[in-house]
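Chains as they are written, first to last, in our numbering: chain A, 1 to 112; chain B, 1001 to 1116.
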């Protein structure tokens, strides 16, 4: 089955700097890659996703890139703010109906 | 609030007891998923419904676990004879049926289960 690895497990950045989180996946059939943000005591919140026919997608300060040949995708957050502090999860969908395989998460801490 | 809701938010039970959780998806969503999340890990898939049909179950879903979605709307997840290893956050997600895997899944706040 699909296996998703996520790095780093923790990431500390100064406010205003950029943060980058990287994920790799194993199943070449995966073709949908969402990113979720989870705050303490809450469920994961979808922040951006990318489909396999696209190499890059941007939404304001957040961008995601996908390299299908290398089987890796990344989340980029620019101009980080304290409210960006949370756990971020990448996921891959190898099935035809959308089952998600998640990475282990990255704890992002943005210090003022 | 039109998001996914889950009840209860917290449940503390003693080992061996049965517990039941409820999930109400976004009203027009016909796909519903259950995931389990342990501390420091990402959510793990448990089972999936399209309308009232349960179409896939993970190997994580032992025979002590049962999920239903009788009318294709809300869903329940029951754990019988709970064990301490069942302690986790149980998350529900819903999505709208579209061709392929490109269906955005929206998660509820989860039910935190603690088995003493």
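All residues carry an ideal CB built from backbone N, CA and C; glycine is no exception.
- Residue 26 of chain A has its alpha-carbon roughly 10 Å from the corresponding atom of residue 70 of chain A.
- Under the three-state reduction of DSSP output, residue 94 of chain A falls in the coil class, being neither helix nor strand.
- By the CB criterion at 9 Å, residue 58 of chain A and residue 1056 of chain B fall outside the cutoff.
- The Cβ atoms of residue 1067 of chain B and residue 1083 of chain B do not sit closer than 9 Å to each other.
- For chain B, the residues of the stretch 35-65 of chain A that bring a beta carbon within less than 9 Å of one of its beta carbons are 36, 38, 41, 42, 43, 44, 45, 46, 49, 51, in chain order.
- Taking a cut-off of 8 Å for Cβ pairs, the stretch 1101-1112 of chain B and the stretch 36-51 of chain A touch, as three or more such pairs fall below it.
- When secondary structure is reduced to three states using DSSP, residue 107 of chain A falls in the strand class.
- At least one CB atom of chain A sits nearer than 9 Å to the CB of residue 1004 of chain B.
- With its beta carbon at least 9 Å from every one in chain A, residue 1052 of chain B lies outside the interface.
- Within chain A, the residues placing a beta-carbon under 8 Å from that of residue 1095 of chain B are 98, ordered along the chain.
- Listed as beta-bridge partners of residue 1112 of chain B by DSSP are B:1010, B:1089.
- Rounded to the nearest angstrom, the gap between the Cα atoms of residue 39 of chain A and residue 105 of chain A is 12 Å.
- When only Cα atoms are considered, residue 1003 of chain B and residue 77 of chain A end up about 26 Å apart.
- Taking each of B:1049, B:1060, B:1092 in turn and checking the Cα distance to residue 1086 of chain B, the smallest one comes out for B:1060.
- The DSSP-derived three-state label of residue 84 of chain A is helix.
- Residue range 1053-1057 is occupied by the beta strand (DSSP E) that includes residue 1055 of chain B.
- DSSP, read as helix, strand or coil, puts residue 1084 of chain B in helix.
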